[in-house]
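Q: The numbering of the sequence shown is my numbering, which starts it at 1 and goes up by one.
Note that the Cβ used here is the ideal one computed from N, Cα and C, for glycine as well.
Since this is a predicted model, take the numbers as computed values, not measurements.
Have a look at this one.
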Amino acid sequence: MPYATPQDFIDTYGEPEAMDLAVDVNGISIDVDLLERYALQASGEMDAYLSRYIPFEAVPQAIKTACLKIMRYLASAKVSPREHVRDDYKDAITFLTKVAKGEIALVVPQPDDSAPVIQPVRYWGDQRQFSGSALRDY
């Protein structure tokens with residue numbers, strides 16, 4: 001299941017940009033199937049970063065936003081993405097990397113609109129270098 005829909009893309013970036021990036025073969029309307037393929041491709045790329053969290057009962061807004069940025073980048077690849085589109089893509093990947101490392105906690109909305117559940121941040125570090133007994137004489 002993709003983290004964003006073609007309609008999310010249109011709502012976020014507008015119909016003119018959706019037409020520029022995903023026009024149908026007749027050149028008169030938005031190719032929703034193509035946007036759906038971009039959504040699936042972006043979501044597949046994101047799954048590698050989100051493997052410990054998926055499946056989501058409801059997609060967190062931050063994940064949907066990252067998916068839209070990646071979709072936009074993928075759709076722009078045919079026409080050489082503009083700098084801000086590349087920057088958005090890099091920001092999305094950086095965000096996903098931090099989520100994967102546990103540096104950012106995801107707020108996962110509950111499907112019944114109750115209070116969100118915050119996923120715990122996990123940290124794996126090296127062993128302690130100094131213990132209380134080693135520092136006792138200092």
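1. Which of helix, strand or coil does DSSP assign to ILE30?
2. Give the straight-line distance between the Cα atoms of THR12 and ALA66, rounded to the nearest whole angstrom.
3. Thinking C-beta only, is LYS64 closer than 8 Å to TYR3?
4. Flag this pair as touching only if the region 76 to 91 and the region 42 to 54 have three or more C-beta atom pairs under 8 Å; answer yes or no.
5. DSSP puts VAL23 in a beta bridge; with which residues?
6. Taking the runs of the beta strand (DSSP E) that are 3 residues or longer, which of them lie wholly in the region 29 to 60?
7. Which residue wins for smallest C-alpha separation from ALA58, given the options MET1, ASP137, LEU135?
8. Quick one, are the C-beta atoms of ALA18 and LEU40 less than 8 Å apart?
9. Go ahead and pull the three-state DSSP assignment for SER76.
10. Rounded to the nearest angstrom, how far is the Cβ of ASP31 from that of ASP20, given a contact under 8 Å?
11. Pull up the CB-CB distance for TYR38 and LEU74, whole angstroms please, since I reckon it's below 8 Å.
12. Given this structure, state the Cα-to-Cα distance separating ALA92 from ARG136, to the nearest angstrom.
A: In terms of the structure at hand:
1. strand
2. 12 Å
3. yes
4. no
5. ILE30
6. none
7. MET1
8. no
9. helix
10. In fact, because the Cβ distance is near 12 Å, the residues do not count as touching under 8 Å.
11. 5 Å
12. 46 Å
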